[in-house]
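First comes the structure, then the notes that go with it.
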Amino acid sequence: MLVVIAGAGRVGLGLAEALIKEQKNDVVLMDMSSRAVKNAQAFDMMVLHGDVMDRSALIEAGIERADVFIAATNKDDRNVLACGLAKHLHELRGGKRENLLTLCRIRDETILDEQAHGGLKAWADVDRAIDPIDGAISRLSSGIRASSFAEVIPFDHEAYLVELEITEDCRLPLDTPLADVEQEVGAPVPLLIGLKRKGTRSAVPSGTTVLRPGDRIAVATTGLGSFDDLVHTFGHDVRAFPDQPKVVVVGGSTLGLRIAAHWLDEGAHVMIVEGDLQTANAISGHRIGGHPELEVIHGDHVSRETMEEVGMGGMDVAIGALDDDHANIAAMLFAMDLGVTNTGLILNDNDLVHVVQRMGISFSVDITRVAVDELLTHVHRKLAGHYAVLSTIPNVVGVTHEVTKAAKFCGRRIREGGFPDWMRIAFIQRSDSHGRWSSHDPHPDETLIEHDRLIIFTSPDHVADVEKKFRV
676 MLVVIAGAGR VGLGLAEALI KEQKNDVVLM DMSSRAVKNA QAFDMMVLHG DVMDRSALIE
736 AGIERADVFI AATNKDDRNV LACGLAKHLH ELRGGKRENL LTLCRIRDET ILDEQAHGGL
796 KAWADVDRAI DPIDGAISRL SSGIRASSFA EVIPFDHEAY LVELEITEDC RLPLDTPLAD
856 VEQEVGAPVP LLIGLKRKGT RSAVPSGTTV LRPGDRIAVA TTGLGSFDDL VHTFGHDVRA
916 FPDQPKVVVV GGSTLGLRIA AHWLDEGAHV MIVEGDLQTA NAISGHRIGG HPELEVIHGD
976 HVSRETMEEV GMGGMDVAIG ALDDDHANIA AMLFAMDLGV TNTGLILNDN DLVHVVQRMG
1036 ISFSVDITRV AVDELLTHVH RKLAGHYAVL STIPNVVGVT HEVTKAAKFC GRRIREGGFP
1096 DWMRIAFIQR SDSHGRWSSH DPHPDETLIE HDRLIIFTSP DHVADVEKKF RV
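Sequential numbering of the sequence shown, starting at 676, is according to my numbering.
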């Protein structure tokens, strides 16, 4: 598969790196910045110095042979226009218009509204515009509830992948093959789909794998209610999280309003603190402005007197939604000083994610990672859903496939499906007669039925092998 990516920033480079690791894709990366092009040349791909709006540059990139075109520059308008130009040139030079998948990253909600009503596809030839904000908010919300997790990746229908470290206080037998652990403890054990040990390559665990303190693991689980059990099982302290939390959002930006809306939908009481009077007043006209559980405070979020007066220290959760990463970090440190125990951030700079955890901030999300994951989902458009890359456990990725009637394992139990050791089924997602989807644990005796969606984890070099197993 040939993928042409316009934009060699964090998102473009992250996409290119993930696609190269699959060892089945040809990638061309283009950018107008000489510095960005130079930085990208360390990767095994073709890198071009050129303008995405320049026909000759797209032709040099091989747009007529491309299967996917991704516009990931920092300009929404250029991303949209580039998708239309790419489709036009692809067809003009002998390709079929419908064979080129066009994707772009968008920040402007007006453009996203066009997509929701079908206009973006009609007038701009954009097959899919990606806005990672909702995905980032969902990850942040889940992670704040269990801050022992290094990362939380929500899938649909109450399915989650969590990453955490095993401590000396782990409740499972250590240095015991996983195949023997369940028999030894006399109860089902969490489903591990990835493991990274210092000094070794990360991998999908097998029956002979043993667990040791300090191992970084990825665990598949269903339902937020399972988080505390996982935290306890692997030796971490469980912190109670209220059913109806009091949440303060620092910043009344577009991001802040979307964070507030999410928590209101979750049944929380939300306070937005905004320093600009005009912005604070404008919130009343927003769709959440009249919500009975929302209060808006105009004030300085770093004024101790003001924050104590509005009861910041009595809040359960504080989330930064300012325009600057460093300002957000400062706001969360101040909230911690006032007594808020659960703090969170959505960061633009991925280098800061682990830094803020060492500062004591409960959980942070790298927006670039979310954007890459969501774009990869659509690159793998023949799959039924997600394509997930684990940040702290590299070389393990997740893909989703649908069980077809012609598949050899359709109608069989998982243990009879002939699934190899180098892949692990994390979840089964199934629709009932009313079209309602739910997630199920992949017990070996579970029978796979037509239209089930299997979320599978494997190494990047086995992604193509997984696809072959489902191709009939």
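Note that the Cβ used here is the ideal one computed from N, Cα and C, for glycine as well. All figures in this text were calculated on a predicted structure; none of them were measured in a lab.
- With a threshold of 16 other beta carbon atoms within 10 Å, S1037 meets it and is buried.
- L764 sits close to I738, with the two beta carbons spaced by under 9 Å.
- When the Cα atoms are used, E1091 and D806 turn out to be separated by approximately 40 Å.
- Under DSSP, I994 forms a beta bridge with V924, G1019.
- In the structure shown, I892 adopts extended strand secondary structure according to DSSP, grouped into three states.
- Taking a 10 Å sphere around the C-beta of S1039, we find 16 or more other C-beta atoms and assign the residue as buried.
- For the pair V1045 and A811, the CB atoms are nearer than the 9 Å cut-off.
- DSSP places E949 within a strand segment (E or B) once states are collapsed to three.
- With respect to the C-alpha of L866, the residue from A1101, V985, R1111, D1136 having the closest C-alpha is A1101.
- The three-state reading of DSSP puts V1071 in coil, since its state is none of H, G, I, E or B.
- Following the DSSP letters along the chain, one finds A736 in no beta strand (DSSP E), marked with neither H nor E.
- Membership of C758 in the alpha helix (DSSP H) is indicated by the continuous run 751-767.
- By the C-beta density criterion, N749 is exposed, having fewer than 16 other C-beta atoms within 10 angstroms.
- With 16 or more other Cβ atoms inside 10 Å of its own Cβ, K762 counts as buried.
- Rounded to whole angstroms, the gap between the alpha carbons of L795 and R772 is 16 Å.
- The Cβ-Cβ distance between F718 and A821 does not fall below 9 Å.
- Excluding the 5 residues flanking it on each side, V1138 has same chain C-beta neighbours closer than 8 Å at E697, K699, V1072, V1074, in chain order.
- Annotated three-state conformation of K871 is strand, per DSSP.
- By the CB criterion at 9 Å, L677 and L688 fall outside the cutoff.
- Around A1006, the same chain offers V925, H976, G995 as residues with beta carbons nearer than 6 Å, after the five sequence neighbours per side are excluded.
- Counting C-beta atoms within 10 angstroms of its own C-beta, T1018 has 16 or more neighbours from the protein chains shown and is therefore classed as buried.
- In this structure, the beta-carbon distance from V879 to M720 does not fall below 9 Å.
- Relative to L1129, the option among D1136, D1096, C1085 whose CA is nearest is C1085.
- Its chain contains I781, A804, D806 as the residues whose beta carbon lies nearer than 7 Å to that of L787, once the 5 sequence neighbours on both sides are disregarded; these appear in chain order.
- The distance from the Cβ of V1078 to that of L1123 is about 5 Å, consistent with a contact at the 8 Å cut-off.
- Cβ neighbours of G964 within its own chain (closer than 7 Å, five residues either side excluded): I958.
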